[in-house]
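Asker: Sharing a structure with you now.
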Amino acid sequence: MDWGMKNRLSQLIQSDGRALFLPIDHGYFQGPTRKLEEPGKTIEPLLPYADAIMLTRGVLRSCVDPIKTKPIILRVSGGTSMARKEELSHEGITTSVREVIRLNASAVSLSIFVGSEHEHESLLNLSNLVNECEEYDIPVMAVTAVGAELEKREARYLALCCRIAAELGARVVKTYYCKEGFEKVVRGCPVPVVIAGGPKVESELDVFEFVHDGIQKGAIGVNLGRNIWQSDYPVAMIRAIRAIIHENATPKEAQELFSSIKKGKQ
Ligand code: 5RP
Numbered sequence: 615m616d617w618g619m620k621n622r623l624s625q626l627i628q629s630d631g632r633a634l635f636l637p638i639d640h641g642y643f644q645g646p647t648r649k650l651e652e653p654g655k656t657i658e659p660l661l662p663y664a665d666a667i668m669l670t671r672g673v674l675r676s677c678v679d680p681i682k683t684k685p686i687i688l689r690v691s692g693g694t695s696m697a698r699k700e701e702l703s704h705e706g707i708t709t710s711v712r713e714v715i716r717l718n719a720s721a722v723s724l725s726i727f728v729g730s731e732h733e734h735e736s737l738l739n740l741s742n743l744v745n746e747c748e749e750y751d752i753p754v755m756a757v758t759a760v761g762a763e764l765e766k767r768e769a770r771y772l773a774l775c776c777r778i779a780a781e782l783g784a785r786v787v788k789t790y791y792c793k794e795g796f797e798k799v800v801r802g803c804p805v806p807v808v809i810a811g812g813p814k815v816e817s818e819l820d821v822f823e824f825v826h827d828g829i830q831k832g833a834i835g836v837n838l839g840r841n842i843w844q845s846d847y848p849v850a851m852i853r854a855i856r857a858i859i860h861e862n863a864t865p866k867e868a869q870e871l872f873s874s875i876k877k878g879k880q
């Protein structure tokens, strides 16, 4: 691996081989998502505990201090909105590689929509982006997206998406966790896998359990947004998840840490 690629990847994936990415890119198709109305304020207390943040160029420029930040994973796909849910898979590339370099991003990310009407287009978006980014040693993280079809998140489908993303040149793949067969998803993907969160789940313990299980089954970490910053205790949440990822905490230990931070004891 060339120096630039290695250097950028090591800004994202820490020396223990693990990673906690904090995505705040949701507005690119969802508009002002709950608790992300003012992204700069949302992430300020969370930044010390994130290894990287994932966002669009617009929010980066307008809401993030260039002096006090973390490595950037720049979302460069989009062009759709919740107003046309049936068209969510019809993304294009929104940001030039020249701009990626100007913004000093450590990586770029885009969504692929396997099995959707626009599968072919999204996979060529990935291939073309890899062609351009590899010239500058910029890693591409592929997001295996399902649009509004959340029921698609099962092992066979996710394994298909992850493998295709890696075959087309993604350096990291972000995919959903699934309870059954997640180890097969990771085993079939020759590049590191990070777990996406999806909509906020019932309890904190549910989050700690799926993150822990995903890591045990081979994921290197998470790209987790709403289950952190939509929590009433986002700092306690990110610190507890960080303990699972970087300190091998069990779900129970993460829950105890969460409770004690929530009560102001840490
Ligand atoms: C949107 C994204 C988000 O970054 C991703 O969904 C992760 O955030 P969350 O944990 O809130 O699902 O890629 O397409």
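The working numbering applies: residue 615 is where the sequence shown begins, and numbers increase by one. Quick reminder that beta carbons are idealized off the backbone N, C-alpha and C, glycines included.
#1: On the DSSP letters alone, give me the boundaries of the beta strand (DSSP E) that S874 sits inside.
#2: On the premise that I667 lies in contact with K649, defined as a C-beta separation below 8 Å, what is that separation, rounded to the nearest angstrom?
#3: Whose C-beta lies closer than 6 Å to the C-beta of G783 among residues of the same chain, with five residues either side of it excluded?
#4: So what does G835 bridge to, in DSSP terms?
#5: Return yes when the Cβ of V805 is within less than 8 Å of the Cβ of G832, no when it is not.
#6: For my contact list, A810 and K793 are in at a C-beta cut-off of 8 Å; report their separation, rounded to the angstrom.
#7: By the three-class DSSP mapping on this structure, what secondary structure does M755 have?
#8: By how many angstroms is the C-alpha of A633 removed from the C-alpha of I627?
#9: Using DSSP with H/G/I as helix, E/B as strand and the rest coil, what is K879?
#10: Is G641 near the ligand NAP, judged by its Cβ being under 7 Å from some heavy atom?
#11: For the ligand 5RP, any of its heavy atoms closer than 7 Å to the Cβ of L838?
#12: Can you give the Cα-Cα distance for S624 and M615, rounded to whole angstroms?
#13: Following the continuous beta strand (DSSP E) through V728, name the residue where it begins and the one where it ends.
#14: For a quick check, are the C-beta atoms of C747 and V754 less than 8 Å apart?
#15: So, with DSSP's three-state summary, where would you put K684?
#16: Could you tell me which uninterrupted beta strand (DSSP E) segments, each at least 3 residues in length, are contained entirely in the segment 640-712, listed from first to last along the chain?
#17: So the alpha helix (DSSP H) K793 belongs to, where does it begin and stop?
#18: Please return the same chain residues whose Cβ sits closer than 7 Å to the Cβ of D630, not counting the five positions on each side in sequence.
#19: Beta carbon of S695: closer than 7 Å to some heavy atom of the ligand 5RP?
#20: With DSSP as the reference, identify every bridge partner of L626, one or two as the case may be.
#21: Tell me which residues share the same chain as I829 and place their Cβ nearer than 6 Å to its Cβ, disregarding the 5 neighbours each side in the sequence.
Answerer: Checking against the coordinates, here is how it stands:
#1: On the sequence shown, position 260 is the one that residue 874 refers to. If you look at S874, you'll find it isn't in any beta strand (DSSP E); it sits in the alpha helix (DSSP H) that goes 865-876.
#2: On the sequence shown, residue 649 is found 35 positions in, with the first residue counted as 1. On the sequence shown, residue 667 is found 53 positions in, with the first residue counted as 1. About 15 Å; that fails the 8 Å criterion.
#3: For the purposes of this step, residue 783 is taken as residue 169 along the sequence shown, with counting starting at 1. So the qualifying residues of the chain are V744.
#4: By 1-based counting over the sequence shown, the position of residue 835 is 221. G835 is bridged to A633, V808.
#5: Within the sequence shown, numbered from 1, the residue matching residue 832 stands at position 218. Within the sequence shown, numbered from 1, the residue matching residue 805 stands at position 191. No, these two residues do not count as a Cβ contact at 8 Å.
#6: Position 196 of the sequence shown, counting from 1, holds the residue named residue 810. Position 179 of the sequence shown, counting from 1, holds the residue named residue 793. Their Cβ separation, rounded to whole angstroms, is 15 Å, which puts A810 and K793 out of contact at 8 Å.
#7: As a first step, residue 755 is located in the sequence shown; it is residue number 141 there, counting from the start. Reduced to three states, the DSSP call for M755 is strand.
#8: Sequence index remark: in the sequence shown, residue 627 carries index 13 (1-based). Sequence index remark: in the sequence shown, residue 633 carries index 19 (1-based). Near 5 Å, if we compare the C-alpha coordinates of A633 and I627.
#9: Here residue 879 corresponds to residue number 265 of the sequence shown, with the count starting at 1. In the structure shown, K879 sits in coil (DSSP, three-state: anything other than H, G, I, E or B).
#10: As presented, the structure is devoid of the ligand NAP, carrying the ligand 5RP as its sole ligands.
#11: Taking the sequence shown and counting its residues from 1, one reaches residue 838 at position 224. Result yes, Cβ under 7 Å from the ligand 5RP.
#12: As a first step, residue 624 is located in the sequence shown; it is residue number 10 there, counting from the start. As a first step, residue 615 is located in the sequence shown; it is residue number 1 there, counting from the start. So the two alpha carbons sit approximately 12 Å from each other.
#13: Here residue 728 is taken as the residue at index 114 of the sequence shown, counted from 1. No beta strand (DSSP E) holds V728; DSSP gives it neither H nor E.
#14: Locating residue 747 in the sequence shown gives position 133, where the first residue counts as 1. Locating residue 754 in the sequence shown gives position 140, where the first residue counts as 1. Yes, the pair counts as a contact, with Cβ atoms nearer than the cut-off.
#15: Within the sequence shown, residue 684 is the residue found at index 70, counting from 1. Coil, per DSSP.
#16: 666-669, 686-689
#17: Your numbering for residue 793 matches position 179 in the sequence shown. That residue, K793, is in no alpha helix (DSSP H); it is neither H nor E in DSSP.
#18: Counting from 1 along the sequence shown, the entry for residue 630 is found at position 16. The residues are H860.
#19: On the sequence shown, position 81 is the one that residue 695 refers to. No; taking the cut-off as 7 Å, the Cβ of S695 has no heavy atom of the ligand 5RP nearer than that.
#20: In the sequence shown, counting from the first residue as 1, residue 626 sits at position 12. In the DSSP output, where bridge partners are listed per residue, L626 has none listed.
#21: Sequence index remark: in the sequence shown, residue 829 carries index 215 (1-based). Once the five neighbours on either side are set aside, I829 has no close Cβ partner at all.
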